[in-house]
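Line by line, the protein sequences give chains A and B. Residue numbering for the first sequence follows UniProt numbering, starting at 1 and increasing by one per position. Residue numbering for the second sequence follows UniProt numbering, starting at 1 and increasing by one per position. For each residue, glycine too, the CB sits at the ideal point set by N, CA and C. These notes concern the structure reproduced below.
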Amino acid sequence: MSAIRRLGGFRFWSLIPFVVVAAVFGIYPFLRVVQMAFGHVSVRGGGMTFEWRGLENFHRALEDDLFHHSLAISGIFVVATTVISLVLGTALAILTDRATKMQNVARNVLVWPAIIAPVVVSVVWVLILNPQIGVLNQALSTLGLPEQGWLGDGVGAMAAIIAVDVWHWTPIVYLLIYSALKGIDSEVLEAASVDGANRSQTTRHVVIPMLLPAIAAAAVLRVVMGVKAFDEMYLLTRGGPGDSTTIISLLIRGIVFDEVDLGYGSAVSLVTIGIVLVMAVLIFAVRPILRRRA
Amino acid sequence: MKRTSWSSETLLVISMIIIAVPVIWLVITSFNAPREIISRGFEFSMSNYVRLFEGDSAIGAQIGNSLIIAVSTTVFTMAIAALAGYSLSSLGWSRTTTGILLGISALIQLIPPMTLVPGLYVVLQQFGILNSLPGLIILNVLFNLPFATLMLKVYFDALPDSIREAGLVDGASEQRVFWSLVLPLVKPGLAAVGIYVLIMAWNEFLMGLTMTTGGDQAPITVGIASLVQPQAITYGPMAALGSLTVVPIIILAIIANKQIVAGLTGGAVKG
Chain A
1 MSAIRRLGGF RFWSLIPFVV VAAVFGIYPF LRVVQMAFGH VSVRGGGMTF
51 EWRGLENFHR ALEDDLFHHS LAISGIFVVA TTVISLVLGT ALAILTDRAT
101 KMQNVARNVL VWPAIIAPVV VSVVWVLILN PQIGVLNQAL STLGLPEQGW
151 LGDGVGAMAA IIAVDVWHWT PIVYLLIYSA LKGIDSEVLE AASVDGANRS
201 QTTRHVVIPM LLPAIAAAAV LRVVMGVKAF DEMYLLTRGG PGDSTTIISL
251 LIRGIVFDEV DLGYGSAVSL VTIGIVLVMA VLIFAVRPIL RRRA
Chain B
1 MKRTSWSSET LLVISMIIIA VPVIWLVITS FNAPREIISR GFEFSMSNYV
51 RLFEGDSAIG AQIGNSLIIA VSTTVFTMAI AALAGYSLSS LGWSRTTTGI
101 LLGISALIQL IPPMTLVPGL YVVLQQFGIL NSLPGLIILN VLFNLPFATL
151 MLKVYFDALP DSIREAGLVD GASEQRVFWS LVLPLVKPGL AAVGIYVLIM
201 AWNEFLMGLT MTTGGDQAPI TVGIASLVQP QAITYGPMAA LGSLTVVPII
251 ILAIIANKQI VAGLTGGAVK G
């Protein structure tokens with residue numbers, strides 16, 4: 001009996017720190033976001049006053065062109081970065097698997113960007129993209145080509161933050177696909193080659209179909225990362241020029257800290273969380289259907 | 001014996017160049033004299049590094065802050081996650097309890113941290129830990145805890161129940177079984193998750209930016225960000241500080257490559 005009582009003791013306190021952190025610093029702040037979304041919060045001299053305003057913030061969000069623009073920009077950003085990094089990451093994984101001499105070095109170097117601080121990634125790309133000192137314009141002028149503004153116009157800035165994100169996070173896709181690739185039974189590949197398939201046929205008809213579950217997992221992960229993105233875009237473009245790269249996290253930061261409007265910022269946050277959850281539910285609903293087809 | 005595919009090797013080398021050259025360029029720029037950076041020449045100089053720590057610069061304090069935040073976050077996260085992961089894995093919690101806690105973990109991983117920032121800001125202010133290291137440590141723990149717990153739970157799940165039962169039969173307490181018997185068996189998992197959390201906390205920027213005023217309570221990532229200004233002539237110091245931040249991480253990546261790969265792939269899938 002004493003063993004059971006002892007178990008009860010350790011059983012509970014082993015879980016308590018986790019529950020306390022999640023409740024006090026996860027759930028409680030979330031509830032404060034919900035509360036503030038229904039009112040106007042004014043900050044005066046360190047104190048905060050809350051005034052109930054009902055659905056006012058949500059009505060404003062419905063009519064806010066900048067919010068809708070920001071959702072669209074985020075959508076483009078998420079789709080572009082996910083697709084490009086999936087293609088490149090899968091290709092790199094297959095190349096590494098085929099290589100003999102470069103395999104070990106590649107497995108090491110190709111991971112670097114994923115562990116570099118996003119802030120430093122921004123610094124690296126400022127040094128590359130800057131029109132005056134950037135290495136990209138230096139290369140262009142050496143080749144006798146006209147120098148570019150890069151982050152100066154809307155389309156260029158958007159292309160640049162997509163390129164930077166792909167450079168930064170393709171390694172994650174690469175690692176996931178490469179470890180799935182290592183898990184493929186070599187007998188399957190031998191069977192394919194015995195049947196007369198050459199290497200590109202084997203890759204296309206045997207390897208890639210077997211990698212699909214890993215590719216799907218990587219796709220979900222990259223979508224989540226894309227929705228969360230903030231650091232590099234904040235430092236490289238601040239959402240500009242104009243609002244051409246104002247992805248959703250940049251918009252919320254601006255509302256909360258530049259306009260000091262915690263009520264509206266909370267409402268926009270809440271709507272964003274809602275959209276993310278609907279997307280998550282859809283993905284979970286679609287997954288079994290895809291699996292049955294495969 | 002696999003034959004060498006020269007096209008694969010070549011494409012890989014090109015990819016590695018695309019990855020490594022920007023990082024090497026950063027380090028080269030950091031050793032270039034400021035006027036040579038502007039005029040696109042090169043002259044070896046340490047002046048960018050010297051300038052970082054001149055006068056009443058907060059950089060030194062910020063590097064210290066980041067070290068404290070990264071180490072404390074790792075220690076607290078690993079302690080809390082190991083206990084919770086083991087508890088959920090082996091101590092007979094109901095499916096409902098496990099489901100709710102893992103569900104909350106998944107949600108914290110899923111939603112953009114920025115959407116919680118308004119709430120976190122007022123809560124930290126309420127507790128009087130806004131613009132302080134304890135506040136930043138707690139938030140780093142919060143955002144690393146879900147995946148660390150899920151990862152370690154998977155490692156604990158892989159151990160047979162008979163280990164714990166044998167310990168209990170021999171008269172050891174539950175705490176002792178956990179500490180002396182089970183924990184040593186998941187050392188590889190602890191190393192992989194721990195290094196991953198350490199890197200995440202060292203790299204963290206968003207909470208440092210929004211929960212501090214950017215002075216000597218801020219982490220080094222915020223210090224770097226304050227140098228990244230479109231028009232300012234701070235390229236040299238910016239590159240120097242970037243190099244100081246990134247070189248330790250690259251060295252860690254080369255030494256502990258196996259653990260980092262395990263942490264990244266696990267962290268990615270669980271995240």
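**Asked** Is there contact here, the segment 113-126 of chain A with the segment 218-230 of chain B, by at least three beta-carbon pairs under 8 Å?
**Response** yes
**Request:** Give the residues of chain A in contact with B/Y49, contact being defined as C-beta atoms less than 9 Å apart.
**Result:** Correct list: empty, because the minimum Cβ distance to chain A is about 15 Å.
**Request:** Could you please tell me which residues of the segment 113-139 of chain B, in chain order, have their CB closer than 8 Å to any CB of chain A?
**Result:** P113, M114, T115, L116, V117, P118, G119, L120, Y121, V122, V123, Q125, I138 and L139
**Prompt:** If you measure beta-carbon to beta-carbon, which residues of the segment 189-200 of chain A are closer than 7 Å to chain B?
**Reply:** none
**Prompt:** Can you tell me where the alpha helix (DSSP H) with residue 310 of chain A in it begins and where it stops?
**Reply:** With chain A running from 1 to 294 in the structure shown, residue 310 of chain A is simply not present.
**Asked** Using a beta-carbon distance cut-off of less than 9 Å, what residues from the segment 59-76 of chain A approach chain C?
**Response** Checking the listed chains, one finds no chain C in this structure; the protein chains it contains are A and B.
**Prompt:** A/T49 bridges to which residues according to DSSP?
**Reply:** A/S42
**Item:** Buried or exposed (CB count within 10 angstroms, at least 16 for buried), A/S186
**Value:** Its Cβ having fewer than 16 others within 10 Å, A/S186 is exposed.
**Request:** Go to B/M207, then tell me how far its alpha helix (DSSP H) extends in each direction, as first and last residue.
**Result:** Secondary structure note for B/M207: its alpha helix (DSSP H) is the uninterrupted segment L206 to M211.
**Asked** What is the rounded straight-line gap between the Cα of A/A80 and the Cα of B/L52?
**Response** Here the alpha carbon of A/A80 sits roughly 37 Å from the alpha carbon of B/L52.
**Item:** Nearest residue (CA-CA) to B/L12, options A/E51, A/A37, A/R222 and A/L110
**Value:** A/L110
**Asked** If you follow the alpha helix (DSSP H) that A/V227 is part of, which residue opens it and which one closes it?
**Response** I208 to K228
**Prompt:** Which chain A residues are close to B/T98, counting only those with a beta carbon under 9 Å from its beta carbon?
**Reply:** Here the premise fails: no neighbours, minimum Cβ distance about 10 Å.
**Item:** Backbone secondary structure at B/F44 - three-state DSSP
**Value:** Of the three classes helix, strand and coil, the one that applies to B/F44 here is strand, per DSSP.
**Prompt:** Going along chain A, which residues have a C-beta under 9 Å from B/P22?
**Reply:** Chain-ordered, the chain A residues with CB closer than 9 Å to the CB of B/P22 read P113, V121, V124, W125, L127, I128, V135 and W167.
**Request:** Please name the residue in B/S8, B/N140 and B/E54 whose C-alpha comes closest to that of B/V71.
**Result:** Taking only the C-alpha atoms, the option nearest B/V71 is B/N140.
**Item:** Straight-line Cα distance separating B/L150 from B/G85
**Value:** 7 Å
**Message:** If you reduce the DSSP assignment to three classes, tell me which class B/N32 lands in.
**Reply:** strand
**Request:** Give the range of the alpha helix (DSSP H) segment to which A/A160 is assigned.
**Result:** G154 to K182
**Local Cβ density within 10 Å of B/V228, reported as buried at 16 or more and exposed below that** = buried
**Message:** At the level of alpha carbons, what is the spacing between B/M1 and B/P184?
**Reply:** Only weak support exists for where B/M1 lies, its pLDDT of 43 falling under 50; the value from the coordinates is given anyway. Their backbone Cα atoms lie some 39 Å apart in a straight line.
**Request:** Answer yes if the segment 277-290 of chain A comes into contact with the segment 251-258 of chain A, meaning at least three C-beta pairs across the two stretches below 8 Å, and no otherwise.
**Result:** no
**Message:** I want to see whether chain B comes within less than 8 Å of A/A285, judged by CB atoms only; does it?
**Reply:** no
**Asked** With respect to the alpha helix (DSSP H) encompassing B/M78, which residues constitute its N-terminal and C-terminal limits?
**Response** Boundaries of the alpha helix (DSSP H) around B/M78: I59 to S90.
**Prompt:** Hey, does A/I162 have any beta-carbon neighbour from chain B nearer than 8 Å?
**Reply:** no
**Message:** Please list the terminal residues of the continuous alpha helix (DSSP H) segment that includes A/A117.
**Reply:** No alpha helix (DSSP H) holds A/A117; DSSP gives it neither H nor E.
**Asked** What's the C-alpha gap between A/I94 and A/L181?
**Response** 8 Å
**Prompt:** For B/K187, which three-state DSSP category applies?
**Reply:** helix
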